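Under my numbering, the letters of the sequence shown match residues 22 to 542, in that order.
Think of the CB as a built atom: it goes at the ideal place given N, C-alpha and C, for glycine as much as any other residue.
Just so we're clear, the structure is a prediction, and the values are computed from it rather than from any experiment.
Right, one structure below, let's go through it.
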Amino acid sequence: MNLINLENVAKAYGPQPLLDAVSLGLDEGDRVGVVGRNGGGKSTLVSVLARETEPDAGRVTHARGLRLGYLTQRDVFPEGATVRSVVLGDRAEHEWAGDVRVRDILAGLLADLDLDAPLAGMSGGERRRVALARLLVPESDLLMLDEPTNHLDIEAIDWLARHLKGRKVALLVVTHDRWFLDEVTDRTWEVVDGRVERYEGGYSAYVLAKAERSRIAAATEAKRQNLLRKELAWLRRGPQARTSKPKFRVDAAQALIADEPPLRDSVELTRFATARLGKTVYDIEDVTVDLGGKELFTRMTWQLGPGDRVGLVGVNGSGKSTLLRLLDGAVQPVSGTVVQGKTVQLAHLSQNLEELDPTRRVLESVEEIRRRITVGKRDWTASQLLERLGFAGDRQWTPVGDLSGGERRRLQLLRLLMGEPNVLLLDEPTNDLDIETLTEVEDLLDGWPGTLVVVSHDRYFLERITDHVVALLGDGRVSMLPGGVDEYLERRAAGTAPKPGAAPTAAKPAGRPAETAAAPK
22 MNLINLENVA
32 KAYGPQPLLD
42 AVSLGLDEGD
52 RVGVVGRNGG
62 GKSTLVSVLA
72 RETEPDAGRV
82 THARGLRLGY
92 LTQRDVFPEG
102 ATVRSVVLGD
112 RAEHEWAGDV
122 RVRDILAGLL
132 ADLDLDAPLA
142 GMSGGERRRV
152 ALARLLVPES
162 DLLMLDEPTN
172 HLDIEAIDWL
182 ARHLKGRKVA
192 LLVVTHDRWF
202 LDEVTDRTWE
212 VVDGRVERYE
222 GGYSAYVLAK
232 AERSRIAAAT
242 EAKRQNLLRK
252 ELAWLRRGPQ
262 ARTSKPKFRV
272 DAAQALIADE
282 PPLRDSVELT
292 RFATARLGKT
302 VYDIEDVTVD
312 LGGKELFTRM
322 TWQLGPGDRV
332 GLVGVNGSGK
342 STLLRLLDGA
352 VQPVSGTVVQ
362 GKTVQLAHLS
372 QNLEELDPTR
382 RVLESVEEIR
392 RRITVGKRDW
402 TASQLLERLG
412 FAGDRQWTPV
422 GDLSGGERRR
432 LQLLRLLMGE
442 PNVLLLDEPT
452 NDLDIETLTE
462 VEDLLDGWPG
472 TLVVVSHDRY
482 FLERITDHVV
492 ALLGDGRVSM
502 LPGGVDEYLE
512 RRAAGTAPKP
522 GAAPTAAKPA
532 GRPAETAAAP
542 K
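Given below as structure tokens:
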């Protein structure tokens, strides 16, 4: 049954149309991921589909009695609202406590929150989980989610994916989280130049199909073709599950990458990193860190070597950002030693966007660091690198204060790389970046020789640019995870999963582990 239909819909803000004569439909059982550049019309498309935004032309039709759940990027709640009032409304406790689905949502998203806690003063991640729970508790025919993984940690994203996969509901998702797209969608819409291009399959299938369309049309420029081929090579060499979803033949697409070299020459990068860094990068021994009366690390020992590419995972509040600040010297240990190699040239991308001078123009902001650098055996000017990261033409002369959050994030990263550091600490580098920009950042980092430590909730990005994963499991130490993110999730679940049938209490539903709960070593 058709749920929503668009006929020749157009919508523009200014002279450039975001949607131009778009016709498409959503049916029962559809699972659609929406991708495209930031500002290209993804959120506008969803808003028009939801009838939250009126189109300039064309028709939007909803099925009679359609039960639509719509999550926007802004989590707005009534003044004085509590978790209970927003998520459960006036439902009696015996009513929701006896509903297995509602209990699962409370346990999966809100186990560490008091149901009677006010929303005022809560973090962005906590508010996002409350907004998701509010959306998921009612029965729906169609869920439309605009950036649902924003502010969520890897564990919450994994729970949300499993919940949506087990729910009989049509789904439309806008997100830059490529792992999440592959998990919950089986069709992809790309919003580009006012059109909506449709592909069968999730994100991995979309990459294959897009490469195949480009090969047949021979119309894609060389740079983008190379990026697609590199990503395809990684998808092919990764777990089989990544490429098991396409519903079409991929032989021709595979021909594109038959001779594609490895993404990174690990031996060469390590050799170069050792020459620049020596044998010691960081040697942390018996370190204890206390912040505000909370002991985050207890006699922690950890070593970083030249060329190490490490992904750091852990629930929100476990100390990931603090560990990066320990490495850059902003946090001092209560006891123990942190030895930094003598040749370390450190760069730290924090989550603070206020570090940039708003009066400088974009190109000036980069050139004041350096005018040209070598990345991946190629010389790049500041202007060329800016263009790679989406600052084309006149945009390079825009004042920094006029940039969006995602643009400022890209500028921050580029300024760091222009300094030619040999140790790079990245704290949530993917925030506010679209998929096209993410692939450019990944390509730049592929050719960057040095030691890399990355904190990110973007599982795809983390697995793409790092070689191994370590975790903060709440025991005050850094734990090595040979099995990567999958092992992290398994260890969290094994150490803190509720007993079957356990119901949440009125004050504090149990099930999702508290953010400081310990997991087995």
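With respect to G79, A31 sits close: the two C-beta atoms are nearer than 7 Å.
DSSP places F318 in the strand class (E or B) of the three-state scheme. Bridge pairing for P76: absent [DSSP].
Rounded to the nearest whole angstrom, the C-alpha separation of E441 and S44 is 48 Å.
Three or more beta-carbon pairs separated by less than 8 Å are not found between the segment 493 to 508 and the segment 353 to 372, which leaves the two stretches without contact. By the beta-carbon neighbour count (other beta carbons within 10 angstroms, threshold 16), E389 is exposed. In the displayed model, G426 falls within a helix according to three-state DSSP. Within the segment 22 to 68, the complete beta strand (DSSP E) runs of at least 3 residues fall at 23 to 33, 38 to 48, 52 to 56. Following the DSSP letters along the chain, one finds L192 in no alpha helix (DSSP H) but inside the beta strand (DSSP E) bounded by residues 191 to 195. Taking 4 residues as the shortest admissible run, the segment 328 to 363 contains the following complete alpha helix (DSSP H) segments, listed from N- to C-terminal end: 341 to 348. Nearest in C-alpha terms to G468, of all of L459, V476, I486, is I486.
Between L163 and L70, the CB-CB gap reaches or exceeds 7 Å.
Residue environment analysis places K231 among the buried positions, since at least 16 neighbouring C-beta atoms fall within 10 angstroms of its C-beta. Judged by pairs of C-beta atoms under 8 Å, the segment 330 to 345 touches the segment 473 to 482, as three or more such pairs exist. Its chain contains I305, V499 as the residues whose beta carbon lies nearer than 6 Å to that of W323, once the 5 sequence neighbours on both sides are disregarded; these appear in chain order. Under the three-pair Cβ rule at 8 Å, the segment 166 to 177 counts as touching the segment 86 to 101. Beyond the five residues adjoining it in sequence on each side, W418 comes within less than 6 Å, by CB distance, of R382 in the same chain, given in chain order. By the C-beta criterion, the segment 119 to 136 is judged not to be in contact with the segment 192 to 208, since fewer than 3 inter-stretch pairs fall below 8 Å. Here the alpha carbon of V302 sits roughly 52 Å from the alpha carbon of P159. Excluding sequence positions up to five before and after L454, its CB lies within less than 6 Å of the CB of G427, all in the same chain and listed in chain order. Three or more Cβ pairs drawn from the segment 344 to 356 and the segment 443 to 459 lie within less than 8 Å of each other, which places the two stretches in contact. Cα atoms of V355 and D307: separation of roughly 10 Å, rounded to the nearest angstrom. Spatial neighbours of S161 in its own chain (CB-CB distance under 7 Å, excluding positions within 5 residues in sequence) are listed in chain order as R88, L89, G90, V190. Where L510 is concerned, the enclosing alpha helix (DSSP H) starts and stops at 505 to 517.
Sequence-distant partners of E147 (beyond 5 residues in either direction) whose C-beta falls short of 7 Å from its own C-beta, in its chain, are L134.
M501 is classed as exposed because its beta carbon has fewer than 16 other beta carbons within 10 Å across all chains shown.
Beta-bridge annotation (DSSP): V213 is paired with R216. DSSP places T460 inside the alpha helix (DSSP H), whose first and last residues are 456 to 467. Exposed is the label assigned to T358, since fewer than 16 other Cβ atoms lie within 10 Å of its Cβ.
Sixteen is the threshold: since fewer than 16 other Cβ atoms of the shown chains lie within 10 Å of the Cβ of P379, the residue is exposed. In the three-state DSSP reduction, E306 falls in the strand class (E or B). Judged by DSSP secondary structure, W180 falls within the alpha helix (DSSP H) whose first and last residues are 175 to 186. Burial check for Q37: the Cβ neighbour count within 10 Å stays below 16, so the residue is exposed. Of all alpha-carbon atoms in V194, E49, R112, L432, the one lying nearest the alpha-carbon of V56 is that of V194. Partner residues in the beta bridge of A368, as assigned by DSSP, are L445.
Counting only residues of its own chain and dropping the five nearest sequence neighbours on each side, R392 has a CB closer than 8 Å to the CB of T402, A403.
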